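Each residue of the sequence shown is one higher than the one before, counting from 1 in the UniProt record's numbering.
Only one structure is covered here, and it is reproduced in the block below.
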Amino acid sequence: MSGPFDTGVPTNNGCSNNEDYNDNNEATRDKMSQFWREHSSKASLEEMMLDDNAKELSKDELPEILSLLPGIEGKTILELGAGIGRYTAPLAQQAKHVTAVDFMESFIRKNEEVNGHHKNVRFMQADVTKLEMPPKSFDIVFSNWLMMYLSDAEVQALAEKVLTWLKDDGIFFFRESCFHRSGNRKRSFNPTNYRKPSDYDSLIQSAGIPIPGENGGVMHFGFEIQLAKSVETYIKAKKNVNQFCWVIKKRRLQGMAHNGYKTFQQFLDAQQYTRNGILRYEKIFGYGYVSTGGPETTEEFVARLDLQPDQHVLDVGCGIGGGDFYMAKKFGAVVTAMDLSTNMIEIATERASQENITKVRFEISDCTKREYPAETFDVVYSRDTILHIQDKLPLFKRFLTWLKPGGKLLISDYCCGDKEWSDVFKQYVAQRGYTLYSPAKYGKLLEEAGFINVQAEDRTQQFTDILNREVARTEANKEEFIKEFSEEDFRYIVEGWKAKLHRCELGDQKWGLFYAEKAK
């Protein structure tokens with residue numbers, strides 16, 4: 001992050017008392033007011049977007065952003081940071097009502113001048129940090145370039161307000177500039193907070209509110225990420241992956257449904273795929289990889305796809321992006337890479353930004369809920385991920401729909417043997433929350449989904465060969481591994497890999513490779 005108000009994620013902005021906290025917030029507001037007074041005198045699109053090419057950018061960006069919203073027809077919408085109203089108008093054309101709010105009077109007056117004929121719009125000049133709205137009064141809260149002008153503490157406070165303002169299962173959409181600036185307008189000073197996407201993930205998901213329920217009980221609500229991704233317009237126009245947007249749902253947190261965690265996403269990030277856990281896997285598999293065989297198996301498997309420049313690949317469960325970077329660099333493929341783990345996408349996005357890799361678009365999303373237009377992709381690719389999905393047949397049907405005619409599917413995945421499982425294996429599968437099938441049954445499911453030329457291969461021998469090599473290499477470099485991680489991490493990896501080998505020896509655990517095609 002950059003800017004004078006970069007304070008991390010502490011709830012009190014790092015201050016020791018409320019007086020200091022309030023002083024810091026007032027200082028933030030003064031700086032931001034000064035910044036926007038400098039860039040709002042004409043109330044123009046170029047000023048608002050801080051870019052001389054604003055009109056050209058907006059032409060593509062506006063429909064892209066609107067396409068990411070859930071159905072807005074008949075909805076009540078709170079638009080924060082509404083500016084001069086480039087989104088107010090299209091929102092008002094479909095919504096039941098829009099409340100448009102902006103900090104700068106010149107912007108909101110221009111908005112009212114242009115869009116005042118929409119009788120379903122209320123225009124408000126207000127500081128969002130002091131804004132109050134009735135509870136459960138909006139279906140959608142929409143924000144475009146706002147929170148990067150707030151301190152961390154203000155972002156958290158706003159997130160909790162939004163939770164209160166939204167109806168149950170309401171949607172919070174927001175978009176921010178991350179890592180660095182995008183606009184080309186000159187600035188005499190720049191107090192903007194260019195956070196990492198993961199900072200927003202942490203700030204927003206840390207928000208939670210208790211609401212009194214029936215019979216004196218309490219219901220707890222929080223946010224669940226539905227989608228987080230780069231804005232495509234900026235990638236195409238500026239080769240810039242730093243424009244990020246989020247679609248987040250207000251959810252009632254129903255106890256501890258996922259092995260002690262409130263959501264499956266939290267389970268992945270807090271248990272199996274912590275940042276440290278991901279990096280120690282990477283140490284074994286190779287830089288950029290968290291799946292069996294790392295670059296070795298990636299090169300072998302991708303070779304079967306005959307990728308061509310600019311073909312579109314969907315990577316389901318992309319991890320930290322090693323395979324995606326390989327497909328983009330080696331073959332010139334354009335890759336949409338999705339994962340439900342925010343920690344995975346955080347690492348992958350940081351590396352894509354550092355290396356300026358623009359042919360890979362990473363997103364946090366759930367493959368069982370994400371929607372893509374039919375016939376979007378030439379290839380659907382997935383490595384050791386679908387074991388997490390309980391109901392695989394509907395997912396395979398989605399893959400078929402998303403593929404172009406003649407498109408290809410390639411999956412590697414954990415599988416199981418045909419015999420009755422040992423108690424150890426049952427315990428392992430239950431603890432991880434996996435749903436496993438034998439390689440043969442897996443192939444039958446792909447055929448049932450409508451794929452042709454299905455090849456279901458039992459690759460367990462290759463799996464065990466790789467595991468043995470990885471264990472031997474890790475043990476040979478024990479001191480280096482412990483220095484980088486810990487003795488506990490070393491034991492976790494070595495014992496875990498040996499346990500996999502034992503499960504394979506028992507015939508419980510298998511590894512499958514699956515290739516299939518969509519009919520032309």
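Note that CB positions come from ideal geometry on N, CA and C, so glycine has one too.
Here the structure is a predicted model, which is why all the values come from computation and not from measurement.
Can you tell me the Cα-Cα spacing of residue i and residue j, whole angstroms?
{"i": "Trp-165", "j": "Lys-330", "result": "48 Å"}
{"i": "Met-124", "j": "Arg-109", "result": "9 Å"}
{"i": "Met-133", "j": "Leu-158", "result": "12 Å"}
{"i": "Phe-301", "j": "Ser-341", "result": "24 Å"}
{"i": "Lys-161", "j": "Leu-91", "result": "22 Å"}
{"i": "Asn-242", "j": "Pro-439", "result": "40 Å"}
{"i": "Gly-332", "j": "Val-471", "result": "34 Å"}
{"i": "Val-380", "j": "Lys-31", "result": "47 Å"}
{"i": "Gln-354", "j": "Glu-346", "result": "12 Å"}
{"i": "Tyr-289", "j": "Asn-184", "result": "36 Å"}
{"i": "Glu-505", "j": "Asp-465", "result": "12 Å"}
{"i": "Val-454", "j": "Lys-408", "result": "10 Å"}
{"i": "Phe-490", "j": "Asn-477", "result": "10 Å"}
{"i": "Glu-232", "j": "Leu-395", "result": "25 Å"}
{"i": "Lys-426", "j": "Glu-61", "result": "49 Å"}
{"i": "Gln-156", "j": "Phe-451", "result": "46 Å"}
{"i": "Trp-145", "j": "Lys-369", "result": "26 Å"}
{"i": "Leu-410", "j": "Ala-456", "result": "10 Å"}
{"i": "Asp-169", "j": "Thr-292", "result": "38 Å"}
{"i": "Gln-205", "j": "Ala-519", "result": "42 Å"}
{"i": "Gly-286", "j": "Trp-246", "result": "30 Å"}
{"i": "Val-335", "j": "Ala-27", "result": "43 Å"}
{"i": "Ala-82", "j": "Asp-139", "result": "17 Å"}
{"i": "Gly-8", "j": "Ser-177", "result": "With a pLDDT of 30 at Gly-8, under the threshold of 50, the modelled position of this residue cannot be trusted; read the value that follows with caution. One C-alpha to the other measures close to 17 Å."}
{"i": "Asn-193", "j": "Met-147", "result": "8 Å"}
For residue i, which residues does DSSP report across the bridge?
{"i": "Pro-212", "result": "Val-218"}
{"i": "Lys-408", "result": "Val-379 and Glu-517"}
{"i": "Val-335", "result": "Val-313 and Val-360"}
{"i": "Thr-76", "result": "His-97"}
{"i": "Asn-144", "result": "Arg-175"}
{"i": "Gly-85", "result": "In DSSP, Gly-85 forms no bridge with anything."}
{"i": "Leu-166", "result": "Phe-138"}
{"i": "Gln-125", "result": "Asp-102"}
{"i": "Glu-457", "result": "Leu-513"}
{"i": "Asp-413", "result": "Gly-512"}
{"i": "Arg-370", "result": "Per DSSP, none; premise fails for Arg-370."}
{"i": "Ser-365", "result": "Leu-227"}
{"i": "Arg-252", "result": "Phe-221"}
Report the option in the options whose CA atom is closest to the CA atom of residue i.
{"i": "Thr-297", "options": "Leu-50, Ala-333, Asp-413 and Leu-131", "result": "Asp-413"}
{"i": "Leu-305", "options": "Gly-406, Ser-41 and Leu-395", "result": "Gly-406"}
{"i": "Pro-135", "options": "Leu-163, Asn-111, Asp-152 and Met-148", "result": "Leu-163"}
{"i": "Val-316", "options": "Glu-299, Tyr-87, Val-98 and Arg-361", "result": "Arg-361"}
{"i": "Phe-179", "options": "Glu-517, Gly-496, Phe-35 and Ser-230", "result": "Ser-230"}
{"i": "Phe-189", "options": "Ile-171, Ile-72 and Phe-35", "result": "Phe-35"}
{"i": "Tyr-442", "options": "Val-429, Leu-513 and Glu-479", "result": "Leu-513"}
{"i": "Lys-119", "options": "Gln-94, Lys-196 and Phe-377", "result": "Gln-94"}
{"i": "Tyr-326", "options": "Lys-239, Leu-467, Ile-357 and Thr-349", "result": "Ile-357"}
{"i": "Pro-373", "options": "Arg-398, Lys-359 and Glu-475", "result": "Arg-398"}
{"i": "Lys-239", "options": "Ala-89, Lys-359 and Leu-227", "result": "Lys-359"}
Please say whether residue j and residue i have beta carbons closer to each other than 8 Å?
{"i": "Leu-436", "j": "Cys-416", "result": "yes"}
{"i": "Val-121", "j": "Val-101", "result": "no"}
{"i": "Ile-209", "j": "Phe-221", "result": "yes"}
{"i": "Asp-508", "j": "Ser-422", "result": "yes"}
{"i": "Phe-142", "j": "Ser-40", "result": "no"}
{"i": "Tyr-234", "j": "Ser-182", "result": "yes"}
{"i": "Gly-85", "j": "Asn-115", "result": "yes"}
{"i": "Ile-171", "j": "Pro-309", "result": "no"}
{"i": "Ala-303", "j": "Gly-321", "result": "no"}
{"i": "Leu-400", "j": "Glu-375", "result": "no"}
{"i": "His-312", "j": "Phe-377", "result": "yes"}
{"i": "Lys-96", "j": "Lys-130", "result": "no"}
Using only the heavy atoms of the ligand HEM, determine whether one of them is closer than 7 Å to the beta carbon of residue i.
{"i": "Ile-235", "result": "Among the ligands in the structure shown, none appear at all, so the ligand HEM cannot be discussed."}
Are there three or more Cβ pairs, one per stretch, closer than 8 Å when the segment 63–77 is compared with the segment 41–54? no
Taking one C-beta from the segment 426–436 and one from the segment 374–390 each time, how about it: are there three or more such pairs within less than 8 Å? yes
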